[in-house]
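If you want the working numbering, it's the position in the sequence shown, counting the first as 1, plus 967. Ideal placement from N, C-alpha and C gives every residue a C-beta, glycine not left out. Keep in mind the model is a prediction, meaning the values are calculated, not measured.
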Amino acid sequence: MQKYPKFKAAVMHVAPVFLDTARTVDKVCALIEEAAGNGAELMVFSETFISAFPIWSALNAPIHNHGWFRKLAASAIMVPGPEIDKIAATARKVGAIVSIGINEGSQASVGCIWNSNILIGSDGTILNHHRKLVPTFWEKMAWANGDGAGLKVVETDIGKIGMLICGENFNPLARFAMIAQGEQIHLSSYPPVWPAHDPKESSYSVAEGIRIRANAHALEAKVFNLVAASFMDGPMLEQLSAGNAESRRILEDSPRGISMIVSPTGAVIAGPAQNEEAIVYGDIDTAECVEPKQLHDLSGYYNRFDVFKLTIDRSANQPAIFEGDENTRDAAASLAAREDSQESGRIYSLRKS
968 MQKYPKFKAA
978 VMHVAPVFLD
988 TARTVDKVCA
998 LIEEAAGNGA
1008 ELMVFSETFI
1018 SAFPIWSALN
1028 APIHNHGWFR
1038 KLAASAIMVP
1048 GPEIDKIAAT
1058 ARKVGAIVSI
1068 GINEGSQASV
1078 GCIWNSNILI
1088 GSDGTILNHH
1098 RKLVPTFWEK
1108 MAWANGDGAG
1118 LKVVETDIGK
1128 IGMLICGENF
1138 NPLARFAMIA
1148 QGEQIHLSSY
1158 PPVWPAHDPK
1168 ESSYSVAEGI
1178 RIRANAHALE
1188 AKVFNLVAAS
1198 FMDGPMLEQL
1208 SAGNAESRRI
1218 LEDSPRGISM
1228 IVSPTGAVIA
1238 GPAQNEEAIV
1248 YGDIDTAECV
1258 EPKQLHDLSG
1268 YYNRFDVFKL
1278 TIDRSANQPA
1288 IFEGDENTRD
1298 AAASLAARED
1308 SQESGRIYSL
1318 RKS
């Protein structure tokens, strides 16, 4: 018999301690405990919350950003690693599921950074580890391409959870990969501000882009969409502008990101938060995902899998395989941790049944 869990979620529209990994991790743990004290069983943090989003790449020519890149690389964390262990211990202590965006470092290169999202279970285990498939626009100056190993929907006690990072939510194929796995709760993570143009020359609004895509995915997939953007506080603004009046103007005039919770009908049921720090709480009843499927069930009857076919490669990327030494076993263990061992051939295909 089907079960439809109900629970409270908390979306963290808050600022990291900019480029300070240890203090940001402490803030994460404190916020998890605060939200759990208010009854939340799922906490969602923003894109690369630990501990910086590389907004400087939008403000300065690349030749002026080498120092910023060194700081970002120095603040990146490993998975697994002590920072994730500390967050996982807090999640286990309060019995909550936690989604957290990080800058992830690599053992293979001191300069390789991934934009990653980690989903931690209420028992402290890592349920999913996703690396953003493609950095967007000026983000390419900071992050490496990810892979398909984390394109999973995870079965939990509160429902089936999928997650995509920022611009991946604008990618219909990535979103359909979530829909095709029976997603009920979608987690979308975004930055605090995202200057795509000089605001005096263009009216582009990241907030409006988030609204459109969040509502569309909730409505198309018939899921709850929990949208988490971080917040740019005073210290972050001061460091990013660094006495540069033009950088400060661009940051102050660019619309901020928004955090909210959207229902399976596309209605905003909590938030949005935008211009101040807040925890956005919302009550989720996964039974509300069922009735809308009568109208459009894209992973069921309302599709033509004989006409449309999507194949997803879940292989985890690594630079080399070393045969005949301990590195081989280490590499194999790392791959196994990031791939779905249940999938034959590492390929997930949609086929006509």
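Rounded to the nearest whole angstrom, the C-alpha separation of Ala-1147 and Thr-1103 is 25 Å. Counting of Cβ neighbours within 10 angstroms places Glu-1243 among the exposed residues, the total staying below 16.
In this structure, Phe-1191 lies away from Gln-1241, with their beta-carbon atoms at least 8 Å apart.
Annotation: Lys-1038 to Ile-1080 spans about 12 Å, alpha carbon to alpha carbon. At a Cβ-Cβ threshold of 8 Å, Ala-1196 and Pro-1222 do not count as neighbours. In the DSSP annotation of this structure, the continuous segment of the beta strand (DSSP E) that includes Arg-1098 starts and ends at 1093-1098.
In the three-state DSSP reduction, Phe-1104 falls in the helix class (H, G or I). Using a 10 angstroms sphere on the CB of Glu-1106, the tally of other CB atoms reaches 16 or more, which defines it as buried.
Ala-1002: member of the alpha helix (DSSP H) spanning 988-1004, first to last residue. Between Ile-1228 and Ile-1236, the CB-CB gap stays under 8 Å.
Taken atom to atom, the span from the alpha-carbon of Ala-1040 to that of Thr-991 is near 16 Å. The alpha carbon of Gly-1091 has as its nearest neighbour, out of Ile-999, Gly-1078, Ser-1018 and His-1033, the alpha carbon of Ile-999. Counting only unbroken stretches of 3 or more residues, the beta strand (DSSP E) elements lying wholly within the region 1129-1217 are 1152-1157 and 1191-1196, in sequence order.
The beta carbon of Ala-1043 sits closer than 7 Å to the beta carbons of Asn-1070, Glu-1071, Gly-1072 and Ile-1080 from its chain, once the five residues preceding and following it are set aside; these are given in chain order.
Leaving aside the five residues that flank Gly-1115 on each side, the residues in its chain whose CB is nearer than 6 Å to its CB run, in chain order, Ile-1279, Asp-1280 and Arg-1281.
Taking the CA atoms as reference points, Asn-1138 sits about 31 Å from Ile-1288. For Glu-1008, the CB contacts under 7 Å within the same chain, skipping 5 residues up- and downstream, are Phe-974, Lys-975, Ala-1063, Ile-1064 and Ile-1125 in chain order.
Counting along the chain, the unbroken alpha helix (DSSP H) around Ile-1054 starts and ends at 1049-1061. Taking each of Gly-1113, Val-984 and Asn-1082 in turn and checking the Cα distance to Asn-1284, the smallest one comes out for Gly-1113. The region 1211-1290 is shown to contain whole alpha helix (DSSP H) runs of 4 or more residues at 1212-1220, in chain order. Boundaries of the beta strand (DSSP E) harbouring Lys-973: 973-980, taken from the DSSP string.
Pairwise C-beta distances place the region 1207-1218 out of contact with the region 1267-1276, as fewer than three of them are shorter than 8 Å.
Assigned with DSSP and collapsed to three states, Gly-1117 falls in helix.
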